[in-house]
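For reference, the structure is listed below as structure tokens.
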DNA sequence: CCGCTTGCTGACTCGTCGGTCATCAAGTAT
DNA sequence: ATACTTGATGACCGACGAGTCAGCAAGCGG
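Chains as they are written, first to last, in the numbering used here: chain B, 11 to 213; chain S, 11 to 213.
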């Protein structure tokens with residue numbers, strides 16, 4: 011009797027599937043504590059196959075981080091640049107709702123991985139810096155500038171460090187990474203911060 | 011010929027010395043990547059001795075975190091409670107200068123360790139939460155309350171989440187953990203935040 | 001000086017896990 | 001059908017590092 015085939019060949023999909031499984035595994039146990047075997051099992055694949063597509067564990071790690079990051083940042087930045095809302099509306103609308111989502115999103119996991127493994131993967135940190143941080147901060151800076159040009163913000167807003175928008179979001183991310191279940195009204199934190207910034211810099 | 015003794019017995023000092031060495035090692039390489047042998051060599055001691063004082067690697071880890079934490083937090087909180095400065099003076103003086111120091115201090119290292127290893131050491135997280143976070147936030151809350159009672163702050167300040175004071179500090183810590191060498195004027199960040207808070211809540 | 005306690009050593013064990021490779025079998029071309 | 005390519009498997013290897021333990025010697029009490 012012929013029976014089911016033991017496996018199908020799916021050259022195209024495997025790398026992505028393995029990367030997804032790896033992300034899930036890293037998210038749960040961290041990089042060091044994750045075995046390639048775990049990743050393979052999660053992906054429904056043998057350990058050997060993982061090594062066909064990713065030469066080393068480190069390779070896989072880098073692929074995973076780039077993967078997760080690239081997918082998200084572009085979308086958001088595109089939003090900022092093309093939106094037709096007034097500055098205040100944009101801040102209270104799309105920006106705030108984005109910030110609220112981040113602490114529970116895969117981005118938070120990537121930050122955990124960067125904090126713990128970053129020092130041993132400098133090129134990965136560089137990649138992240140260029141593709142996320144610089145571009146993200148740049149977008150905020152341009153946004154402020156546009157606001158000033160339109161007369162919605164005072165000139166002093168130009169001296170503001172864009173980081174100040176993101177500080178409560180960062181705290182919220184770390185809080186959830188460490189104290190996952192302990193309550194903290196992170197939404198309120200971010201709203202208060204944006205309120206303060208607007209109060210201070212609105213024309 | 012008698013020669014030097016090969017070692018001295020120093021039962022009292024060993025545990026602390028080993029914990030210090032372990033902290034240095036964890037700070038440099040993280041928990042998982044640090045070998046007990048490294049710790050021992052740093053402490054000028056044999057691997058076996060480490061196991062005399064700490065049953066397992068995890069034990070050592072917990073001892074290290076508690077050790078570093080306990081030493082610092084009390085001092086600061088004591089400061090807040092006993093200071094005779096006005097609220098604004100205190101914020102712009104001792105509080106600001108404390109916050110400036112943190113990102114380069116061992117506390118930052120502890121945060122890295124908690125972010126990466128926390129999920130696997132829930133009791134350690136609980137310990138940290140009770141002894142650092144709750145007490146720290148409590149101190150800030152009492153400080154605000156005192157300011158309101160003295161008429162230095164408006165009543166609305168009571169609704170403020172204390173976390174908002176610390177958000178830029180948190181961002182600075184993470185920034186330095188990940189991007190150690192990349193420039194960021196973290197002092198300015200924290201100052202701006204305190205300026206905003208004062209502008210908003212000063213009576 | 002001697003003998004006993006115990007702080008301390010370091011060679012060893014043993015499980016684990018990253019990485020390899022001989023082999024198999026799914027799919028394809030002829 | 002048959003031969004061939006290559007995606008996929010899983011047993012295996014080697015190193016590495018946590019934890020053990022038999023024994024050594026510092027230093028104290030008599």
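Beta carbons: idealized from backbone N, C-alpha and C, even for Gly.
Distance between residue j and residue i (C-alpha atoms, nearest Å)
i: residue 127 of chain S; j: residue 212 of chain S; result: 40 angstroms
i: residue 34 of chain S; j: residue 27 of chain S; result: 11 angstroms
i: residue 109 of chain S; j: residue 16 of chain B; result: 60 angstroms
i: residue 106 of chain B; j: residue 45 of chain S; result: 44 angstroms
i: residue 18 of chain S; j: residue 115 of chain B; result: 54 angstroms
i: residue 151 of chain B; j: residue 185 of chain B; result: 26 angstroms
i: residue 80 of chain B; j: residue 93 of chain B; result: 21 angstroms
i: residue 214 of chain S; j: residue 58 of chain S; result: Residue 214 of chain S is absent from the model: chain S starts at 11 and stops at 213.
i: residue 89 of chain B; j: residue 77 of chain B; result: 20 angstroms
i: residue 12 of chain S; j: residue 68 of chain S; result: At residue 12 of chain S the pLDDT is 49, less than 50, meaning the model places this residue with poor confidence; the figure from the coordinates comes in the next sentence. Taking the straight line joining both Cα atoms gives about 40 angstroms.
i: residue 118 of chain S; j: residue 153 of chain S; result: 24 angstroms
i: residue 206 of chain S; j: residue 205 of chain B; result: 11 angstroms
i: residue 49 of chain S; j: residue 75 of chain S; result: 15 angstroms
i: residue 84 of chain S; j: residue 138 of chain S; result: 13 angstroms
i: residue 73 of chain B; j: residue 91 of chain B; result: 28 angstroms
i: residue 22 of chain B; j: residue 140 of chain B; result: 29 angstroms
i: residue 159 of chain B; j: residue 165 of chain B; result: 9 angstroms
i: residue 162 of chain B; j: residue 82 of chain S; result: 45 angstroms
i: residue 193 of chain B; j: residue 182 of chain B; result: 11 angstroms
i: residue 143 of chain B; j: residue 47 of chain B; result: 33 angstroms
i: residue 145 of chain S; j: residue 66 of chain B; result: 45 angstroms
i: residue 187 of chain B; j: residue 25 of chain B; result: 28 angstroms
i: residue 202 of chain B; j: residue 20 of chain B; result: 50 angstroms
i: residue 36 of chain B; j: residue 36 of chain S; result: 20 angstroms
i: residue 191 of chain S; j: residue 147 of chain S; result: 30 angstroms
i: residue 97 of chain S; j: residue 97 of chain B; result: 34 angstroms
Per-residue burial, residue i [other beta carbons within 10 Å of its own, 16 or more giving buried]
i: residue 112 of chain B; result: buried
i: residue 286 of chain B; result: Summary: the structure shown does not reach residue 286 of chain B, with chain B confined to residues 11 through 213, and so no result is reported for it.
i: residue 29 of chain S; result: buried
i: residue 272 of chain S; result: No information on residue 272 of chain S is available, as it lies outside the stretch 11 to 213 that chain S covers here.
i: residue 56 of chain B; result: exposed
i: residue 155 of chain S; result: exposed
i: residue 53 of chain S; result: buried
Supposed close pair residue i, residue j - CB separation, criterion 8 angstroms
i: residue 87 of chain B; j: residue 149 of chain B; result: 5 angstroms
i: residue 189 of chain B; j: residue 135 of chain S; result: 7 angstroms
i: residue 209 of chain S; j: residue 210 of chain B; result: 7 angstroms
Inter-stretch contact at 8 angstroms, needing at least 3 Cβ pairs: the region 164 to 181 of chain S / the region 126 to 134 of chain B: no
Validate contact between the region 20 to 40 of chain B and the region 114 to 122 of chain B using beta carbons, cut 8 angstroms, 3 pairs: yes
Cβ contact check for the region 93 to 104 of chain B and the region 59 to 76 of chain B: 3 or more pairs under 8 angstroms: no
The region 185 to 199 of chain S in contact with the region 154 to 174 of chain B per 3-pair CB rule at 8 angstroms: yes
Segments of 4+ residues assigned as alpha helix (DSSP H) that fall wholly inside the region 139 to 202 of chain B: 145 to 159 and 173 to 189
3 or more residues per run - each beta strand (DSSP E) lying fully within the region 57 to 83 of chain B: none
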